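S.K.: Below: one structure in structure tokens.
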Amino acid sequence: MKKIIGRYKILILFFVLSIILTFCFDVDRVNSDNFLSSILTVASIIVGFVTATVSLFIGIAGSNVIRRLNNRGKIDELIFRFKSIIYTGFLAIVISLYIYLFNYVKYIYINEYIVIPINLIAIVCLFTSIFLSLYYTFNLTKIMILIFLDLIKK
Numbered sequence: 008m009k010k011i012i013g014r015y016k017i018l019i020l021f022f023v024l025s026i027i028l029t030f031c032f033d034v035d036r037v038n039s040d041n042f043l044s045s046i047l048t049v050a051s052i053i054v055g056f057v058t059a060t061v062s063l064f065i066g067i068a069g070s071n072v073i074r075r076l077n078n079r080g081k082i083d084e085l086i087f088r089f090k091s092i093i094y095t096g097f098l099a100i101v102i103s104l105y106i107y108l109f110n111y112v113k114y115i116y117i118n119e120y121i122v123i124p125i126n127l128i129a130i131v132c133l134f135t136s137i138f139l140s141l142y143y144t145f146n147l148t149k150i151m152i153l154i155f156l157d158l159i160k161k
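Here the sequence shown is numbered in our numbering, starting from 8 and rising by one per residue.
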């Protein structure tokens, strides 16, 4: 159990934070066009940033910096960051579209006392995917700055 929590601690942290934020947030505000267009804009900017960064890496593919990263075994981590940002960005876009298109509330009935609106689940997933996307983008930006500094030094 400790291994699982240690491995997914960022996901668990953002998931719990998203649940808290969802219960403190006005659900009607989430269904508004302005909020959803803002989420779509943020997710699209993040995915565009990653795409531009990938093109930069293609340009420096044969450089000494990339060779050093490969020798240290950091290329796999870099690829993981790229994939994570793209997946969470597209997930945020898909969830935003789901909330926008199906804005009427459906419910999941667990028993006669526990009823969960599906929109709340979608909102928690939306916040979690946005938080993860921003977190991975921040980490990738730190890596890009280090690579840029290494290129300037040479």
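Where is the CB? At the ideal position from N, CA and C, for every residue including glycine.
Because the structure is a prediction, the values reported are computed rather than measured.
What span of residues does the beta strand (DSSP E) with residue 123 cover, start to end?
M.R.: Here the beta strand (DSSP E) through residue 123 covers 122-124.
S.K.: Run through the DSSP bridge pairs and tell me what residue 116 is partnered with.
M.R.: Answer is 122.
S.K.: Measuring CB to CB, does residue 92 end up less than 8 Å from residue 129?
M.R.: Cβ distance not < 8 Å, so residue 92 and residue 129 don't count as in contact.
S.K.: What is the residue span of the alpha helix (DSSP H) that residue 90 lies within?
M.R.: That run of the alpha helix (DSSP H) goes 82-108.
S.K.: Roughly how many angstroms separate the alpha carbons of residue 141 and residue 98, rounded to a whole number?
M.R.: Cα-Cα distance, rounded: 13 Å.
S.K.: Taking residue 90 as the reference, which of 46, 100 and 147 has the closest Cα?
M.R.: Per the Cα distances, 147.
S.K.: Less than 8 Å between the beta carbons of residue 154 and residue 72, yes or no?
M.R.: Cβ atoms of residue 154 and residue 72: closer than 8 Å.
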